[in-house]
Amino acid sequence: MSHRLRVGDALALALMTVVLVVLVGPIILLTVFSFNDSTIIALPFEGFTLEWYRSALSDPGVRESLRNSILVAGIVAPSCVVLGTASAWGITRFRFRGRGFWAGLVGATLVVPWLVIGVSGLVFFVYLEVELSLVTVTAMHVAVTFPLVTALVSARLVRFERSQEEAAIDLGASQLQLMTKVVLPQLAPALAASLIFAFAWSFNNFEISFFTGGYEETFPVWVYGVLRRSYNLPVVNAIATLVSFVQVVAVYGLYLFVKWLAKRRGSNDELTSLVGGIR
Amino acid sequence: MSLAPDLVSRPPVARRGAGAGGRSKRLLPFAYLGIPMLILVVLFLVPMVILFLISVGLGIGYTDTVWSFDTYTALFRDPLYREVALTTIYIATAAMIAQLVVGVPLAYVMAFKAGRFELPLVLGLVVLDGLNPVVRIYAWRMLLGREGIINSFLEWVGIIDEPLDALLFNEAAVIVVLSTSWITYTVIPIYASMKAIDANLFQAAADLGAGWWTILRRILLPLAAPGIFVAVLLVYIPLFTDFATPTMVGGTSGYMLGQAVNDLVLARGDLASGAALSFVLLVASGLVAAVAYRLSRINRLQS
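Line by line, the protein sequences are chains A and B.
Just remember that the working numbering sits 646 ahead of the position in the first sequence, which is counted from 1.
Just remember that the working numbering sits 1156 ahead of the position in the second sequence, which is counted from 1.
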């Protein structure tokens, strides 16, 4: 028995190692070759340089696309937290005609492929003769991202202790007081997760930005465009490394924050908050 | 997983003493839902309707309105699209199976065996998914390309003289890259459903003489099935509509339907045909979603 267990453990360890290498390996190499003193991304390693970082940060395409992406995501994330939380509250706490339809509509946006949403946005704006720009990108991002927040927040809302809400209502709290004093404080971890994930969704989105952006490029669209026109570029390695680094720090920071919140309250659901953010 | 079916199936709380009732009470949900729903109707539902109308001949730009289903019949008659559809189904299915083959054991290891590695693994998968998908595709191309890292390494150490062309721009490359891109969405739902399994069941089954195959088939898989269905629902649809991955690593043999949509709409400017193909993909996604949802319900009744 113990022998079989050890075989099982060895297999588990082997699996974890292989998965780790296959998933993280390419990203590590991306980083390593951003410091390689050669225009060609190949072995052997030619020496250390920060040249690619310097040229990436002074490249107008990089600067503009990054600025565009941060601007769009900076508008999309907070709006989606508000819209998503409001609709989660509406759907989970009231019984009204058409509730199933609305809930289904919110769910549908999470299942319909982004390619189809992108193309539908494109033909919609072209039909209305609205010029494609960052505005149309932002509008489409809001429409597909707030349902994610709705899903995250409703998952939390249906598990709530409702006695506090009911007590507040029985004691005559207004809707505003109910929200600010009872509901939102309890939702804090889910809201923090929503903010970060909504930002990441918008920032990382390729298909919708690609079809509805016209000539205004977000960061993923810029990377895609550059790599379509030319082959592998160390400049892309450099900027991709910087962006990835910030993204890793953001998600890890979120994890620490949610853990800290949970510890302060003595509850232990930091993982569910994080995992709930998966599309 | 917090998906729509959950939102629908859970009954709302009965409101006690929520105001005096009447008109204001009936309108209260729409104080919360009004704007979000308006946004979904205007920017999600209406564009879908227009997408369909354009695919059946609604005039757009300088074209006149001529109602017909010609775009659809042309798509279904064209042997090229049939071939692309088959390639797409093959690539998406292979990538889905590859992810399940790796993902189910990985989820099992994470849920029951990983110990102190459990949290880092979950966090690692979440962090990985937070990275930009286009950047991740690029990282693979950098690795597999003709002058890429693997080829240059093999040449450098003298194993090969000529770079291997077989690494990139084919179906296999698309399958590998797609699998790694979506693995988080495959593993996490399965992991979540496995976390809900009482580990004593495995011990009990083993004590009663069940081998690992019986335990896998009779306990683990049936109990993890809802998570597996969610994973398929979340991953299979994006897999067969992807176009960034095949464009960047697929070459000609890995040409997929998503690229066909892109080429019709942006390269050829044929909005009607592009809309028709998009609509076909939408219906196909709906079918996948319906089947996955249906299967997960059947299983719930059995267990």
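Just so it is clear, CB atoms sit at the ideal spot from N, CA and C, and this is done for glycine as well.
Could you have a look at N851 (chain A) and say whether DSSP puts it in helix, strand or coil?
In the structure shown, N851 (chain A) sits in coil (DSSP, three-state: anything other than H, G, I, E or B).
Roughly how many angstroms separate the alpha carbons of L703 (chain A) and E692 (chain A), rounded to a whole number?
C-alpha separation (whole angstroms): 22 Å.
Neighbouring residues, chain B, relative to A658 (chain A) (Cβ below 7 Å):
Per Cβ cutoff of 7 Å: V1265 and K1269.
What are the uninterrupted segments assigned as alpha helix (DSSP H) that are 4 or more residues long and contained completely in the region 1266 to 1341 of chain B, given in chain order?
Runs of the alpha helix (DSSP H) inside the region 1266 to 1341 of chain B: 1274 to 1286, 1289 to 1300 and 1305 to 1312.
On a Cα-Cα basis, can you pick out the residue from A:F694, A:S855, A:L669 and A:A749 that is closest to T782 (chain A)?
Nearest neighbour of T782 (chain A) by Cα position, chosen from A:F694, A:S855, A:L669 and A:A749, turns out to be A:S855.
Strictly below 8 Å CB to CB, what residues from chain B border Y773 (chain A)?
Within chain B, the residues near Y773 (chain A) are I1206, I1210, L1214 and I1216.
Could you tell me whether the Cβ of M1193 (chain B) comes closer than 8 Å to any Cβ of chain A?
It does; some Cβ of chain A falls within 8 Å.
Mind checking if M1298 (chain B) is an interface residue toward chain A, Cβ cutoff 8 Å exclusive?
Using a CB distance cut-off of 8 Å, M1298 (chain B) counts as an interface residue toward chain A.
Cβ of Q893 (chain A) less than 8 Å from any chain B Cβ?
By the rule that beta-carbons nearer than 8 Å mark a contact, Q893 (chain A) touches chain B.
For the region 1389 to 1404 of chain B, which residues have a CB atom closer than 9 Å to at least one CB atom of chain A, in sequence order?
Answer set for the region 1389 to 1404 of chain B: L1389, L1390, I1393, P1394, F1396, T1397, D1398, F1399, A1400, T1403 and M1404.
Should S1409 (chain B) go down as buried or exposed, given a rule of 16 or more other Cβ atoms within 10 Å for buried?
The residue in question, S1409 (chain B), is exposed, as its Cβ has fewer than 16 Cβ neighbours within 10 Å.
In three-state terms, what does DSSP make of F926 (chain A)?
The question about residue 926 (chain A) has no answer here: the residues shown for chain A are numbered 647 through 925.
Could you give the DSSP three-state label for D1426 (chain B): helix, strand or coil?
In the structure shown, D1426 (chain B) sits in coil (DSSP, three-state: anything other than H, G, I, E or B).
Residue burial classification, G1505 (chain B) (beta-carbon count within 10 angstroms, cutoff 16)
Only positions 1157 to 1459 of chain B appear in the structure, and residue 1505 (chain B) is not among them; the question remains open.
Going by beta carbon distance, what residues of the same chain come within less than 8 Å of W1296 (chain B), once the five residues before and after it are set aside?
Non-local C-beta neighbours of W1296 (chain B) in its own chain, meaning closer than 8 Å and more than five positions away in sequence, comprise A1329, V1332, V1333, T1336 and V1405, ordered along the chain.
Is it the case that the region 716 to 736 of chain A contacts the region 796 to 816 of chain A, given that we only count it when at least three CB pairs across the two stretches are under 8 Å?
With a cut-off of 8 Å, the region 716 to 736 of chain A and the region 796 to 816 of chain A count as touching, because enough Cβ pairs lie within range.
Which residue's Cα is closest to the Cα of F1186 (chain B): A:S684, A:G744 and A:G707?
The shortest C-alpha separation from F1186 (chain B) is found at A:G744.
Within-8 Å CB hit, F1273 (chain B) to chain A:
Yes, because at least one Cβ of chain A sits closer than 8 Å to the Cβ of F1273 (chain B).
Which residues in chain B have a C-beta closer than 8 Å to the C-beta of L778 (chain A)? List them in chain order.
In chain order: nothing, as chain B lies at least about 12 Å away.
Of the residues that make up the region 734 to 747 of chain A, which ones have a beta carbon closer than 7 Å to any beta carbon in chain B?
Here the close residues are W735, G736, I737, T738, R739, F740, R741, F742 and G746.
Have a look at G859 (chain A) and L780 (chain A) and give me their C-alpha separation to the nearest angstrom.
Near 6 Å, if we compare the C-alpha coordinates of L780 (chain A) and G859 (chain A).
For G1190 (chain B) and P1394 (chain B), what's the separation of their Cα atoms in angstroms?
Rounded to whole angstroms, the separation of the alpha carbons of P1394 (chain B) and G1190 (chain B) is 30 Å.
Kindly give me the distance between the Cβ atoms of V788 (chain A) and I1195 (chain B), rounded to whole angstroms, as I take these residues to be in contact under 8 Å.
Sure, about 6 Å apart at Cβ, within 8 Å.
What do you get for G1304 (chain B), buried or exposed, if any count of 16 or more other CB atoms within 10 angstroms of its CB means buried?
So G1304 (chain B) ends up on the buried side.
May I ask which residues mark the beginning and end of the alpha helix (DSSP H) holding V757 (chain A)?
Looking at the DSSP string, the run of the alpha helix (DSSP H) that includes V757 (chain A) is R745 to V757.
Given that P1261 (chain B) touches chain A, what residues does it touch there, using C-beta distances under 7 Å?
Simply L661.
What in chain B is Cβ-close to L729 (chain A), meaning under 8 Å?
Ordered by position in chain B, the residues that pass the 8 Å Cβ test against L729 (chain A) are I1191, P1192 and I1195.
Show which residues of chain A have a CB atom less than 7 Å away from the CB atom of Y1188 (chain B).
Ordered by position in chain A, the residues that pass the 7 Å Cβ test against Y1188 (chain B) are A732, S733, W735 and G736.
Within a Cβ cutoff of 6 Å, which residues of the same chain sit near S1349 (chain B), ignoring the five residues on either side of it in sequence?
For S1349 (chain B), the CB contacts under 6 Å within the same chain, skipping 5 residues up- and downstream, are A1380, P1382 and G1383 in chain order.
DSSP bridge partner residues for N682 (chain A) (one or two, in chain order):
Looking at the DSSP assignment, N682 (chain A) forms a beta bridge with A:F694.
Limits of the unbroken alpha helix (DSSP H) element including V867 (chain A)
According to the DSSP assignment, V867 (chain A) belongs to the alpha helix (DSSP H) that extends over F865 to R875.
Per-residue contacts from F792 (chain A) into chain B (C-beta, under 9 Å)
Chain-order list of chain B residues neighbouring F792 (chain A): P1192, I1195 and L1196, by C-beta distance under 9 Å.
At which residue ranges does the region 691 to 743 of chain A contain complete alpha helix (DSSP H) runs of 4 or more residues, listed in the order of the chain?
For secondary structure counted as the alpha helix (DSSP H) over 4 or more consecutive residues, the region 691 to 743 of chain A holds these complete runs in sequence order: 697 to 704 and 706 to 739.
Between which two residues does the alpha helix (DSSP H) carrying Y1218 (chain B) extend?
Where Y1218 (chain B) is concerned, there is no enclosing alpha helix (DSSP H), because DSSP gives it neither an H nor an E.
Can you round the beta-carbon distance between F1399 (chain B) and V1417 (chain B) to whole angstroms, since I take them to be within the 8 Å contact cut?
Contact holds; Cβ gap of about 7 Å.
Taking Cβ to Cβ, would you say S926 (chain A) is nearer than 8 Å to W868 (chain A)?
What the structure shows of chain A is the stretch from 647 to 925, and residue 926 (chain A) is not part of that stretch, so it cannot be assessed.
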